[in-house]
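What follows is a single structure, written as structure tokens, with notes after it.
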Amino acid sequence: MENVEKKLREEAKGLLAEKKVDVVVGYEKGTLPLTATPCFITTPEEADRLVWNPFCVLNLAKFVHDLLDQHHEAQKRVKPEARRKRVVGVVARGCTSRSLVIHLQEKQYGKDEIVILGVPCGGYLDGKKLAALAGGEEVREGALDEGKIVVKTMSGERQAALTGLLADNCLVCRFNRPVIADIQTGEVPPVAEAEREYDPVTAFENLPPEERWTYFEKEMAKCIRCYACRNVCPSCYCRICFAEQSQPRWVDIGADPSDTQLFQLMRIYHMVGRCVDCGSCTAVCPMGVDLRKFLKKLDKDAFTMFGHRAGVSLEEPAPLSAYRETDREDFIFEPGKKSEA
Amino acid sequence: MTDKESAKEWEPKIVAIVCNWCTYAGADLAGISRIQYPPNVRIIRVPCTGRINPFYIMRALHEGADGVLVSGCHPGECHYITGNLTARRKFAALKSFLGYIGLEGDRTLFTWVSASEGDRFAQVIRGVTDAVRALGPARKLVKRM
Chain A
1280 MENVEKKLRE
1290 EAKGLLAEKK
1300 VDVVVGYEKG
1310 TLPLTATPCF
1320 ITTPEEADRL
1330 VWNPFCVLNL
1340 AKFVHDLLDQ
1350 HHEAQKRVKP
1360 EARRKRVVGV
1370 VARGCTSRSL
1380 VIHLQEKQYG
1390 KDEIVILGVP
1400 CGGYLDGKKL
1410 AALAGGEEVR
1420 EGALDEGKIV
1430 VKTMSGERQA
1440 ALTGLLADNC
1450 LVCRFNRPVI
1460 ADIQTGEVPP
1470 VAEAEREYDP
1480 VTAFENLPPE
1490 ERWTYFEKEM
1500 AKCIRCYACR
1510 NVCPSCYCRI
1520 CFAEQSQPRW
1530 VDIGADPSDT
1540 QLFQLMRIYH
1550 MVGRCVDCGS
1560 CTAVCPMGVD
1570 LRKFLKKLDK
1580 DAFTMFGHRA
1590 GVSLEEPAPL
1600 SAYRETDRED
1610 FIFEPGKKSE
1620 A
Chain B
5 MTDKESAKEW
15 EPKIVAIVCN
25 WCTYAGADLA
35 GISRIQYPPN
45 VRIIRVPCTG
55 RINPFYIMRA
65 LHEGADGVLV
75 SGCHPGECHY
85 ITGNLTARRK
95 FAALKSFLGY
105 IGLEGDRTLF
115 TWVSASEGDR
125 FAQVIRGVTD
135 AVRALGPARK
145 LVKRM
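Going line by line, the protein sequences match chains A and B. Going from the first sequence to my numbering is simple: count from 1 and add 1279. Going from the second sequence to my numbering is simple: count from 1 and add 4.
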């Protein structure tokens, strides 16, 4: 990882010095122990702030979209001859690169507007698992030492293997290397245990419907509608989100639990074939809603029904904007025939 | 809620979102041919099933519909060539997902009825009404306040 970080800084420095990019979106050391935070590097001197370690959590594709979207909007108010292109460099792991692919497919910006600094990824540290390790206490100091996480709290020192603290989505990730990259730094680590990817979904599917509904109700009851999941999601980039739209008003903001359920249902449904399972939404959720249980189902369906994995190739269209004559029809209602429940 | 539950004469309320070119014409044919079918459906006509935002279905359930039926042209017969083929994918994913969170499968139904199938339209409505009646009043996802 040390080498990757060094190489990353060099590459970023080079790109900025040669004016090939206007800004590099990456991670820097966070203000709290064992954290990293997204940062924007605009001068070669600043490039030394960049870090790459298992504390880098959020999907940076979101920031790329935001920066470029704002730039496109601002350019509309500039005389045509004075318009300029803005190029964003981005530190991208597997899931970030898949989100970038989705943006490119959905024509949010051109390939010439981004420079992808691919980094190998071995998964990131799950904040909630870390909090559990610290026993809910404040982490005073922390260190990553040869695959071991050591945390110091008021009551003492605890340690655990990093592999046990990785986020759930990282444990079954099959994209440790970026699917597209302009510059690839570092060696690509072996693929994690991807065969068990859909196990939790299958287990949930096998529960009786009432139990599933109770779980859905319980999880959604936690949601406080802060929209952090939407704000952090790279696939949620609509200028006006349906949640705040007033004509038509899709979802009410009342205290009724069904309003929240409907909001979550609608947001999650947007992710058919678009969720890259980066885990950002679950990482930022202040209430610990198990969003992944539901998002992963759409991922599974997109794969089993349409053979599509989100953001894997630039050529393959999004599953809901394409069709095949032979798409499944078993859900179609036929009068007189008992439909599967 | 109490009205709906206690009333012995509870009748299912079904929203049928149908396409202008096939199913709506099919419904028309059923009417012209004086074929009887249950009056529990409220038909909403849209240009094409491809025009149906899946939010319509979720929103209908939220507003208290006991069942939602979506019907359009048979695959390959869409007035807009491929509208129903893309719709088919959307609905496959939606139905699967609603089932996953624990909604009864028969609350959301999808079918194809062409303009010449007045008889089939009546059969579909009978079938859907029976299926939804068997489930009883909708409780999940329904707005109470």
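Heads up, the beta-carbon is just placed ideally off N, CA and C, and yes, glycines get one too.
Chain A residues whose Cβ lies nearer than 7 Å to that of residue i
| i | result |
| --- | --- |
| Arg-130 of chain B | Pro-1614 |
| Ser-100 of chain B | Asp-1580 |
| Lys-144 of chain B | Trp-1492 |
| Arg-93 of chain B | Phe-1585, Pro-1598, Leu-1599, Tyr-1602 and Asp-1606 |
For residue j and residue i, believed in contact at Cβ under 8 Å, the rounded distance
| i | j | result |
| --- | --- | --- |
| Pro-1333 of chain A | Glu-1420 of chain A | About 17 Å separates the two Cβ atoms, so there is no contact after all. |
| Lys-1341 of chain A | Pro-1513 of chain A | 4 Å |
| Val-1430 of chain A | Ala-1413 of chain A | 5 Å |
| Leu-89 of chain B | Val-132 of chain B | The pair is not a contact, with the Cβ atoms about 23 Å apart (cut-off 8 Å). |
| Cys-1554 of chain A | Asp-1578 of chain A | 5 Å |
| Gly-122 of chain B | Ile-39 of chain B | 6 Å |
| Ala-1507 of chain A | Val-1336 of chain A | Not confirmed; about 13 Å, so no contact. |
| Leu-1339 of chain A | Gly-1402 of chain A | Not really, about 16 Å apart at Cβ, beyond 8 Å. |
Selection from the options that minimises the alpha carbon distance to residue i
| i | options | result |
| --- | --- | --- |
| Asp-1301 of chain A | A:Asp-1391, A:Lys-1341 and A:Thr-1314 | A:Asp-1391 |
| Ala-126 of chain B | B:Pro-42, B:Glu-13, B:Glu-15 and B:Ala-29 | B:Pro-42 |
| Leu-1347 of chain A | A:Lys-1358, A:Asn-1510, A:Leu-1450 and A:Arg-1363 | A:Arg-1363 |
| Lys-147 of chain B | A:Val-1551, A:Pro-1536 and A:Cys-1505 | A:Pro-1536 |
| Gln-1349 of chain A | A:Cys-1502, A:Tyr-1388 and A:Arg-1603 | A:Tyr-1388 |
| His-1344 of chain A | A:Val-1369, A:Glu-1476, A:Thr-1321 and A:Thr-1316 | A:Val-1369 |
| Val-1418 of chain A | A:Lys-1386, A:Gln-1463, A:Gln-1438 and A:Tyr-1403 | A:Gln-1438 |
| Tyr-60 of chain B | A:Ser-1592, A:Leu-1541, A:Lys-1575 and A:Thr-1583 | A:Leu-1541 |
| Leu-1441 of chain A | A:Thr-1432, A:Gly-1465 and A:Ala-1422 | A:Ala-1422 |
| Met-1545 of chain A | B:Trp-14, B:Glu-13 and B:Pro-58 | B:Pro-58 |
| His-66 of chain B | B:Ile-18, B:Ser-120 and B:Arg-130 | B:Ile-18 |
| Glu-1594 of chain A | A:Gly-1406, A:Arg-1453, A:Ile-1459 and A:Pro-1317 | A:Ile-1459 |
| Cys-1318 of chain A | A:Glu-1324, A:Glu-1307 and A:Glu-1325 | A:Glu-1307 |
7 Å Cβ cut-off: residues of chain B touching residue i
| i | result |
| --- | --- |
| Arg-1607 of chain A | Ala-96 |
| Glu-1484 of chain A | Tyr-104 |
| Leu-1541 of chain A | Met-62, His-66 and Leu-145 |
| Lys-1576 of chain A | Phe-101 and Tyr-104 |
| Ile-1503 of chain A | Those do not exist, as Ile-1503 of chain A stays about 18 Å from chain B at its closest Cβ, beyond 7 Å. |
| Phe-1495 of chain A | Ile-105 and Gly-106 |
Cutoff 9 Å: residue i Cβ touching any chain B Cβ
| i | result |
| --- | --- |
| Asp-1461 of chain A | no |
| Ala-1620 of chain A | Since pLDDT at Ala-1620 of chain A reaches only 45, below the 50 mark, its modelled position is unreliable, and no value is offered. |
| Gly-1590 of chain A | no |
| Glu-1489 of chain A | yes |
| Val-1551 of chain A | yes |
| Ala-1534 of chain A | yes |
| Ser-1537 of chain A | yes |
| Leu-1570 of chain A | no |
| Ile-1381 of chain A | no |
Beta carbon proximity, residue i to chain E, threshold 9 Å
| i | result |
| --- | --- |
| Thr-53 of chain B | Protein chains A and B are contained in the structure displayed, whereas chain E is not. |
Partners in chain A for residue i, counting only beta-carbon separations shorter than 8 Å
| i | result |
| --- | --- |
| Pro-58 of chain B | Tyr-1548 |
| Thr-90 of chain B | Leu-1599, Ser-1600, Ala-1601 and Tyr-1602 |
| Thr-86 of chain B | Tyr-1602 |
| Gln-127 of chain B | Pro-1614 and Gly-1615 |
Boundaries of the alpha helix (DSSP H) in which residue i is found, first to last residue
| i | result |
| --- | --- |
| Glu-1496 of chain A | 1488-1501 |
| Glu-1484 of chain A | 1478-1484 |
| Val-128 of chain B | 122-139 |
| Thr-112 of chain B | Here Thr-112 of chain B belongs to no alpha helix (DSSP H); instead the beta strand (DSSP E) covers 112-116. |
| Gln-1349 of chain A | 1340-1354 |
| Ser-100 of chain B | 87-104 |
| Leu-1544 of chain A | 1536-1548 |
| Cys-1508 of chain A | 1507-1511 |
| Thr-1442 of chain A | Neither: Thr-1442 of chain A is in no alpha helix (DSSP H) and is coded neither H nor E. |
| Tyr-60 of chain B | 58-66 |
| Val-1302 of chain A | Segment 1302-1308 is the beta strand (DSSP E) holding Val-1302 of chain A; no alpha helix (DSSP H) there. |
| Thr-53 of chain B | Per DSSP, Thr-53 of chain B belongs to no alpha helix (DSSP H) and is neither H nor E. |
| Val-1370 of chain A | No alpha helix (DSSP H) holds Val-1370 of chain A; the beta strand (DSSP E) holding it covers 1367-1371. |
| Lys-1427 of chain A | Here Lys-1427 of chain A belongs to no alpha helix (DSSP H); instead the beta strand (DSSP E) covers 1427-1432. |
C-beta neighbour in chain A for residue i, strict 9 Å
| i | result |
| --- | --- |
| His-66 of chain B | yes |
| Lys-147 of chain B | yes |
| Leu-33 of chain B | no |
| Thr-115 of chain B | yes |
| Met-5 of chain B | Model confidence at Met-5 of chain B stands at a pLDDT of 48, short of 50, so the residue's coordinates are unreliable; what they give is reported in the following sentence. No, Met-5 of chain B lies away from the interface with chain A (no Cβ there is under 9 Å from its Cβ). |
| Pro-16 of chain B | no |
Bounding residues of the beta strand (DSSP E) (the contiguous stretch that carries residue i)
| i | result |
| --- | --- |
| Ile-1320 of chain A | 1315-1320 |
| Asp-1461 of chain A | Unbroken run through Asp-1461 of chain A: none, as it is neither H nor E. |
| Tyr-28 of chain B | Careful: Tyr-28 of chain B lies outside any beta strand (DSSP E), inside the alpha helix (DSSP H) at 27-36. |
| Ser-75 of chain B | 71-76 |
| Asp-1580 of chain A | Unbroken run through Asp-1580 of chain A is the alpha helix (DSSP H), 1570-1585; no beta strand (DSSP E). |
| Cys-82 of chain B | Looking at the DSSP string, Cys-82 of chain B is not in any beta strand (DSSP E), and its letter there is neither H nor E. |
| Asp-1447 of chain A | Where Asp-1447 of chain A is concerned, there is no enclosing beta strand (DSSP E), although the alpha helix (DSSP H) it sits in stretches over 1447-1450. |
Per-residue contacts from residue i into chain B (C-beta, under 8 Å)
| i | result |
| --- | --- |
| Trp-1529 of chain A | Phe-59 and Arg-63 |
Closer than 8 Å: residue i CB and nearest the ligand ATP heavy atom
| i | result |
| --- | --- |
| Met-1584 of chain A | As presented, the structure is devoid of all ligands, the ligand ATP included, so that no description of it is given. |
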